[in-house]
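With mature numbering (1 follows the signal peptide of the UniProt record, and there is no 0) as the guide, the letters of the sequence shown map in order to residues -26 to -1, 1 to 241.
Ideal Cβ placement from N, Cα and C applies to all residues, glycine included.
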Amino acid sequence: MTPSLRLAALAAFAGGTLIAAPAAHAALIKITVENLAPANGTVLTPMWVGVHDGSFDLFDAGAPASAALERLAEDGNPGPLSSLFSSGVQGVVVGPGIGPGSPPLFGPGGSGEIVLDLGVGATDLYLSFASMVVPSNDAFIGNGNPLAYQVRGSGGVIGQSIVILGSQVWDAGTEVNDEASSSTALLGQTVADTGTPENGVVALHGGFIPGGPILTAFTNADFTADGYQVARITITEVPEPTTLALLAGGLGMAGWMRRRRKGGAPM
């Protein structure tokens, strides 16, 4: 067999092994969250993420928010959502803190990431996410359609980049948007669940009060401005260690054969 044919055979063998290997192992995905707001713009609380079979309905526009979503939208607390999400894979993306006593927050330009194991069971898996937009009374970002973002299908992990615009910010309808310092996150609120109940429904947010406390303190937080970008969520597959080892071994053997061809007698 000529050296070129041997190299081609090795490449085909290694390629076939790399393609077949992930099918027998769990799939890992990395979820990265970035705050795309301008300086002195909107801030994000820890991002709750859940991967499921398409049956987890985070919220419905025009309907009251669940108690778990209320806690996230008013206080940035993802714990109740994690408790509600009792099946599938779950995790919380945590970013850097911005000051003493503050929860981990994503300021403009900040980011965080988490790696989740999708397991080897269900083929069709979907992403749900939610994060409070602050400062606010009960603004948040999230997907009400549980089938909006598929992360694994019959062909494997589906990588993607999701940009959330200001026009996609939701109002939980659970707290009156009075922007009072005692009940508005980052404006002075120190105790959870202190706002005036609204008893409304989830709807797209109309924006902050023009010239009000929020836009006075955060001059670039008007997410209703044209083209305002709040966040980006990026999903990528993480190669398993065995896959990386196979890749490194295959490339190493191919390199050895090239050197052998140059420096030794033809095989």
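Contact between the segment 28 to 40 and the segment 128 to 141 is absent: fewer than 3 CB-CB pairs across the two stretches fall below 8 angstroms. Considering only E8, L2, G174 and T164, the residue with the shortest C-alpha distance to P82 is E8. Look at I132 here: in three-state DSSP terms it is coil, with no helix or strand label. For T210, DSSP records a beta bridge to K4. In the structure shown, L99 falls within a strand segment according to DSSP collapsed to helix, strand and coil. Here G116 is bridged, per DSSP, to A104.
Boundaries of the alpha helix (DSSP H) harbouring S56: G53 to L58, taken from the DSSP string.
Rounded to the nearest whole angstrom, the C-alpha separation of G185 and W144 is 21 angstroms. D196 is positioned such that its CB atom lies closer than 8 angstroms to that of F182.
Linking E211 to L92 through their CA atoms gives a straight-line distance of about 10 angstroms. Take E153, set aside five residues on each side of it, and the residues of its chain with a beta-carbon closer than 6 angstroms to its own are I183, G186, P187 and I188, in chain order.
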